[in-house]
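Visitor: Take the sequence shown: its letters are residues 11 to 373, numbered as in this note's numbering.
Here it is: the structure, laid out below.
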Amino acid sequence: MTNATAAFDGFLKNIRLPEELASQCRDEHIRLRGLLLADADLRDIIVSTFLQGSYRRDTGTKPNGEDSHADVDVVVVTTLDPTRYTPDLVVARFTPFLEKNYPRHWERQDRAIKITPNGKDVTLDLVVTAAPSKIQQEFFESVDPTFKAARTGVPAPEPLNFREAFDRIAKSARLEEWQRDPLLIPSRDLGRWERTHPLEQIRWTQEKNDDTDGNYINVVRTLKWWRKENPDGKYPKGYPLEHLVGDTCPDGVESVAEGVTLALEAIRDNYRIHVQTGQKPNLPDRGVPEHDVFKKVTAEQFATFWKLVETAAGAARAALGAETNAESTQRWHDLFGDEFPKPEKPFSAPTGPATVTSSGRFG
């Protein structure tokens, strides 16, 4: 087995957000948070803000193709009463803030407000949620106490990071309660509030990454890049693809190369019957299991994707099983494209069977 570790390190560096774009992402989400904290009308209903999505989970890649924007999801946890506020009223509550700070640069979507700061290559998805349970409000105030401090005038304590907050919940024997009482999110298309639990996705990802010796998030990033390079069928991509990789990348993998190969082979083998019978998988959301993260994926799209996986799985197995690092690196380069480094010494596949020439010493 050849892991091509140095080549994968270079590849993963190549597909990260460029520093300038990463800096824009940081600046813009920090600016948005500061504006919310300074807004006298909204500040009193905000419990906390946090980042979600691939930017937060570190499972994203740089843009490729025509769209050069990077997406950052900013969740705003509020005390809004879902029985009093319809999805339309939620947007109305935030409209003065948006018109003041992002005039003509925001638009409403189903479950988010899309903000495109002027002159930036960053798209902010402002996700307004409600935290109806006490345990959720306590959790968010522990990781971001600044809004409570602004409301009460009491100095903010030292914030916990998410891992510390998760550990505190687990040690208090309240993890099941925390998992059972997710946030609520207003859906424009459905006209009602729905359950959502982005923090359970973050917690699950951290745990999975620990169980794979830190390889999982890089397996996800690798396969997301491969999917961008092979977009046939369009879906699955983004988080649905990440979820699928989470279901198929086994614990205990010792390298990114091994994780990628085993995940592709598991997708090929586990879902062959779905393609043969014209179906698609149902993948329960980590935090809200009644939600299928493959809801928008059609059986036809999944079949197209699966055929790409079938080919890629064979190529990955050949790369992992290569006898030399040069051969392995070349095969991975052929699979993932120009962002994956070529071997330092060009590799040429043998054109015929090897022959053994006798020295004549023993015959």
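Note that beta-carbon positions come from the ideal geometry of N, C-alpha and C, so glycine has one too.
Take D261 and list the residues in its own chain whose beta-carbon comes closer than 7 Å to its own, dropping the five residues that flank it on each side.
Guide: Same-chain partners within the cutoff: D221 and T222.
Visitor: If I'm right that V298 touches R205 with Cβ under 8 Å, what's the distance once you round it to whole angstroms?
Guide: Going by Cβ atoms, the distance from V298 to R205 rounds to 5 Å, so yes, they are a contact pair.
Visitor: Taking the straight line between their C-alpha atoms, what separation do you get for S64 and D91?
Guide: S64 and D91: Cα-Cα distance of roughly 29 Å.
Visitor: Indicate the three-state DSSP secondary structure (helix, strand or coil) for A140 in the structure shown.
Guide: It is a strand residue.
Visitor: Short of 6 Å in beta carbon distance, which residues of its chain neighbour S338, apart from the five on each side in sequence? Order them along the chain.
Guide: Only T12, A14, A329 and A332 meet the Cβ criterion.
Visitor: Mind checking R213: buried by the 16 CB within 10 Å criterion, or exposed?
Guide: When all chains shown are included, R213 counts as buried.
Visitor: Could you tell me if G288 is buried or exposed, where buried requires 16 or more neighbouring beta carbons within 10 angstroms of its beta carbon?
Guide: Exposed, because fewer than 16 other Cβ atoms sit within 10 Å of the Cβ of G288.
Visitor: Can you check which of these residues, N171, H253 and L318, is closest to K238 by C-alpha distance?
Guide: Of the candidates N171, H253 and L318, the one whose C-alpha sits nearest the C-alpha of K238 is L318.
Visitor: State the DSSP-derived secondary structure class of I125, mapped to helix, strand or coil.
Guide: Strand, per DSSP.
Visitor: Per DSSP, which one or two residues make a beta bridge with R202?
Guide: R202 is bridged to S197.
Visitor: So, under 8 Å CB-CB, I283 and L254 are touching, yes? Tell me the CB distance rounded to an integer number of Å.
Guide: Rounded, the Cβ-Cβ distance is 16 Å, inconsistent with contact.
Visitor: Considering only residues of the same chain and omitting the five flanking positions on each side of K355, which have a CB-CB separation below 8 Å?
Guide: Correct list, in chain order: A336.
Visitor: Looking at the structure shown, is R118 part of a helix, part of a strand, or coil, going by DSSP?
Guide: In this structure, R118 counts as strand in the three-state DSSP scheme.
Visitor: Just checking my contact of T71 with R231 at CB under 8 Å: how many whole Å lie between their CB atoms?
Guide: Contact flag correct, Cβ pair sits at about 6 Å.
Visitor: If you reduce the DSSP assignment to three classes, tell me which class I227 lands in.
Guide: Three-state DSSP puts I227 in a helix.
Visitor: Whole angstroms is fine: what's the gap from L52's alpha carbon to N219's?
Guide: Cα to Cα, the separation comes out at about 36 Å.
Visitor: When you compare each of Q119, T69, I55 and D135 to H39 by their alpha carbons, which one comes out closest?
Guide: Ranking Q119, T69, I55 and D135 by Cα distance to H39 puts D135 first.
Visitor: With a threshold of 16 other CB atoms inside 10 Å of the CB of E268, please say whether the residue is buried or exposed.
Guide: Result: buried.
Visitor: Measure the C-alpha to C-alpha separation of D257 and N292 and round it to an integer number of angstroms.
Guide: Cα to Cα, D257 sits roughly 12 Å from N292.
Visitor: So, for L345: in the same chain, excluding its five sequence neighbours on each side, which residues have a beta-carbon less than 8 Å away from its beta-carbon?
Guide: Answer for L345: W236, A322, A325, A326 and A329, listed in chain order.
Visitor: With T59 as the anchor, note down where its alpha helix (DSSP H) starts and where it stops.
Guide: Segment I56 to Q62 is the beta strand (DSSP E) holding T59; no alpha helix (DSSP H) there.
Visitor: Can you tell which of V100, P97, V101 and R121 has its C-alpha closest to the C-alpha of D83?
Guide: Here the closest residue by C-alpha is R121.
Visitor: Return the chain-ordered ranges of every beta strand (DSSP E) run that is complete within the region 255-302 and spans a minimum of 3 residues.
Guide: Correct list: empty.
Visitor: Secondary structure at A80, three-state DSSP: helix, strand or coil?
Guide: It is a strand residue.
Visitor: Below 8 Å on the Cβ atoms is my contact criterion, and I expect V86 with T59 to pass it. Report the Cβ-Cβ distance as a whole number of Å.
Guide: With a Cβ gap of about 5 Å, V86 and T59 count as contacting.
Visitor: Could you check which residue in T271, P294, D81 and T156 has the C-alpha nearest to that of L45?
Guide: Answer by Cα proximity: T156.
Visitor: Strictly by DSSP, which residues pair up with T133?
Guide: T133 is bridged to D81.
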